[in-house]
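2 protein chains.
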Amino acid sequence: MIKISCAEILCVGTELLIGDIVNTNAAFISKRLASLGINQYYQACVGDNPERLKAAVKAALSRCDLLITSGGLGPTYDDLTKETIAEVLGRELVLDERSLSRIREFFRRRGATMTDNNQKQAMIPRGAIVFDNDWGTAPGFAVEDEELGKVVIMLPGPPRELEPMFDTYVMPYLRKFASEIIVSRNIMITGLGESAVEARLRPLMQAALNPTVAPYCKEGEVRLRVTAKAKTYEEGLRMCDEMVERIRATDVGQYIYGIDIDLEHAVVDTLRSLGLTLGTAESCTGGQIASRIVDVAGCSDVFVGSVVAYSNDVKVKLLGVSPDTLKKYGAVSEETAREMASGIVSRLGCDVGLATTGIAGPGGGTPEKPVGLVYVACAYRGNITVDRLTLSGTREHIRRLSSNRALKMALEVVKS
Amino acid sequence: MIKISCAEILCVGTELLIGDIVNTNAAFISKRLASLGINQYYQACVGDNPERLKAAVKAALSRCDLLITSGGLGPTYDDLTKETIAEVLGRELVLDERSLSRIREFFRRRGATMTDNNQKQAMIPRGAIVFDNDWGTAPGFAVEDEELGKVVIMLPGPPRELEPMFDTYVMPYLRKFASEIIVSRNIMITGLGESAVEARLRPLMQAALNPTVAPYCKEGEVRLRVTAKAKTYEEGLRMCDEMVERIRATDVGQYIYGIDIDLEHAVVDTLRSLGLTLGTAESCTGGQIASRIVDVAGCSDVFVGSVVAYSNDVKVKLLGVSPDTLKKYGAVSEETAREMASGIVSRLGCDVGLATTGIAGPGGGTPEKPVGLVYVACAYRGNITVDRLTLSGTREHIRRLSSNRALKMALEVVKS
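Chains as they are written, first to last, in numbering that gives the first Met the number 0: chain A, 0 to 415; chain B, 0 to 415.
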């Protein structure tokens, strides 16, 4: 069998070179290759030009054992990845009957007419291993060249086709080449900063060689990534899970809100398991917390609704914030945040009420209440918890960090 | 002066090769180069490894006149783009006093301690043209090698530093090399599909060679991109604007909602100019319309607030939807959408009320009311407009298209 020690990704498409699309395929494939322990030293993009594509393919094959291309498998005359690479590898293109009937079926189901050039998509290099396209028309495929000792995989460009095809068909195919598997789990942490996590776990992290344990911080969220190298996926997963349990047993354990989960899913899952419902009262976040919760499919048994109270008038009318409070302390104050949180609970009859009020900027700041001052409150069982945040960055960033903090607060409050 | 006919981008960083980050820098820089009429045939990524970086730089310089790198200018030992490229070009690194004092000032302002390795960031290849970093520490710079006839520009990796540095300093620098400038304007259209736009403008589009006019469609939004080639930016802009006026004078004109603007900014600008206020009542969009409006800085004179009525109970309590309507027609119905829209207007006292109710999926669909069925309503001056949408795609996509439709409806309704 061909031995794969290093891979390259070559993305084909003029739209990449003029900046019309961001190359998410390279990051997607890279992450998967890393998980298989397959190294990558170069990546490249090239336009829909046969000469330059040929040069890029030859250069890549001189450096790596596995070349993965994306793009250029479409039905039009300027889609020529397959034709060009088949020529480099000296393979003719043959009709794959199975792919042809799948493409016919794709058009039939949509009531659309299949044109002649769609038939071109069913042509594959002789002897190639086909990856069915259950999400579009062009199949992907792998060509194994035993003589060169190289594997070339060609995949369609649209991420909505490439991504599920990769996970469904390419990953199982590639596993046979992987001598070791890399498995990661992310321990999600709330209520403890990155340096505090590091300080508490330093001896454990330094001693951990396989799996390794490393802290990451992004948009105010801290996670510990546990990464194991193993012979099989199952063994790697078991090694990771043992480490997760060891970390759960330390004094960081109480700050773990989930494994491999984002905040909005963790909130929905946790509240559902406790039989609790949630509502939000949002000023500076402007509906972002609600929208993130509604991103979670099936959230309706937990999430009841939200009042986005951008104006003071709405804070009074729909949340029952006292005009005196607004006058005395201002809209951006601990007192207003408290009344917004308790207001949403009483108005919606939900169990947990989250509230935000702050100055997201860039305008609207004063010396006493600068841009980035945000109050986040959570009402639950008659108690109200309030946090005062002093954030910096863009309007977008301040709003994102504020909704993160609110979601975390919901988790902390119901667990305490 | 060095003549630049083609460029390459080389992004440096192991994090790209393991898929930890998506390469947005390449798309950003590509778009700018395209606007300058500078062609690009290849792009590459390489890790923080001096030997492979050197090989990639040499390969790129053998093909192009302008090489732009991003990344590897940080303070740590594995940041070595500058050192490696200076070696390839045979230039020594010298201390740039101006950059050093700027870095000192950066730390002073933040009350942080500057470490010795930050001083490394002030070292630049002798004779390089410095691009100040007003957004971080590492300056960018251009090295002009008259002998080779090549220009190498090195920029810091973080997009929040690279992007403003490019627009502020690199674009003016590069304009001197551009023999022709490419200027684009985007005509934003609502209420007319891509094929209808094309049918009405086909003769004009086919005859238009400079500027060209091409339709684009993304997430249900249609735009016409007008692209002119000219000697100067001003001339290109004038050519574009003349074409924009010609298109405004056609029967597509009435569907144009703005030039180079997104929907949320167009809604805020339009409503502000008419002195109108806005509120939203959201079910399936779950606060997304509100959150998009709040993305617009200074929206508070237009946007008053929103009720995210995810449960029927909230639709009744906070929006005054009649329980009989919900019982008779269901939550996802034209009647409920109407009552939500009029409810938000009467409860918030705003001029324009937008409402959405639908089934975003993946669950919750029935044969009569399948996933993707969405009603969008807009109340204004006692009238209520309702659209029934039958969308397909993911939950995320259905929600996005629904909020697009709602924002467009607000524009259409207040303009009619």
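All residues carry an ideal CB built from backbone N, CA and C; glycine is no exception.
As a beta-bridge residue in DSSP terms, A:C5 pairs with A:N38.
When 8 Å is used as the limit between beta carbons, B:C44 is near these residues of chain A: A25, Y41, Q42 and A43, in chain order.
Annotation for A:K314: the continuous alpha helix (DSSP H) segment containing it runs N311 to L318. With fewer than 16 other Cβ atoms inside 10 Å of its own Cβ, A:N116 counts as exposed. In the displayed model, A:N132 falls within coil according to three-state DSSP, outside both helix and strand.
Judged by beta-carbon spacing, A:V21 lies beyond the 8 Å limit of A:K57, meaning their Cβ atoms are not closer than that value. Among the CB atoms of chain B, none fall inside 8 Å of the CB of A:I181. Contact annotation: the region 56 to 75 of chain B touches the region 120 to 138 of chain B, with at least three C-beta pairs closer than 8 Å. Its Cα nearest to that of A:G274, the residue A:D350 stands out among A:I260, A:T335 and A:D350.
Every unbroken stretch of the alpha helix (DSSP H) spanning 4 or more residues and falling wholly within the region 4 to 89 of chain A is given here in chain order: 13 to 16, 23 to 34, 49 to 62 and 80 to 88. In terms of Cα proximity to A:A207, the closest of A:Y215, A:E241, A:I188 and A:G192 is A:E241.
Listed in chain order, the positions of the region 9 to 34 of chain B with a beta carbon within less than 8 Å of a beta carbon of chain A are L15, L16, I17, G18, D19, I20, V21, N22, T23, A25, A26, F27, I28, S29, K30, R31, L32 and A33.
By the Cβ rule, the region 43 to 58 of chain A does not count as touching the region 173 to 193 of chain A, because fewer than three pairs are nearer than 8 Å.
For A:S341, the three-state secondary structure derived from DSSP is helix. Annotation: B:Y328 to A:E82 spans about 56 Å, alpha carbon to alpha carbon.
Residues of chain B with a Cβ closer than 7 Å to the Cβ of A:G362 are, in chain order, A296 and G297.
The region 294 to 301 of chain A makes no contact with the region 340 to 348 of chain A, as fewer than three CB pairs between them are under 8 Å. In this structure, B:K149 places its C-beta atom within 8 Å of the C-beta atom of B:D64. Of all residues in the region 307 to 325 of chain A, only V307, A308, Y309, S310, D312, V313, K314, K316 and L317 come within less than 9 Å of chain B when Cβ atoms are compared, listed by chain position. Within the region 348 to 373 of chain B, no alpha helix (DSSP H) run of at least 4 residues lies entirely inside it. Straight-line spacing of the CA atoms in A:D77 and A:D47 works out to 6 Å. Scanning its chain for C-beta atoms nearer than 7 Å, with the 5 sequence neighbours on each side dropped, one finds around A:H264 the residues V295, in chain order. Remark: fewer than three beta-carbon pairs, one from each stretch, lie closer than 8 Å, so the region 374 to 393 of chain A and the region 303 to 321 of chain A are not flagged as touching. Considering only B:E91, B:Q118 and B:R90, the residue with the shortest C-alpha distance to B:R97 is B:Q118. It is roughly 12 Å from the alpha-carbon of A:E146 to the alpha-carbon of A:G89. Of all residues in the region 366 to 394 of chain A, the ones placed with a Cβ closer than 7 Å to any Cβ belonging to chain B are R394, in chain order. With fewer than 16 neighbouring CB atoms inside 10 Å of its own CB, A:E233 falls in the exposed class. Nearest CB-CB separation between B:L65 and chain A: not below the 8 Å threshold.
Boundaries of the beta strand (DSSP E) around A:K228: E220 to A229.
Near chain B, meaning a CB-to-CB distance below 8 Å, the residues of the region 333 to 357 of chain A are R346, L347 and G348.
Its chain contains G329, V331 and I358 as the residues whose beta carbon lies nearer than 8 Å to that of B:K368, once the 5 sequence neighbours on both sides are disregarded; these appear in chain order.
Counting along the chain, the unbroken beta strand (DSSP E) around A:N185 starts and ends at I180 to I188. Residues D47, P49, L52 and G71 of the same chain have their beta carbon placed closer than 8 Å to that of A:L79, with the five preceding and five following residues left out of the count. The Cβ atoms of A:L200 and A:I246 lie closer than 8 Å to each other. For the region 254 to 288 of chain B, the set of residues with a beta-carbon nearer than 7 Å to any beta-carbon of chain A comprises G285, G286 and Q287, in chain order. In the three-state scheme derived from DSSP, where H, G and I count as helix and E and B as strand, A:M238 is classed as helix.
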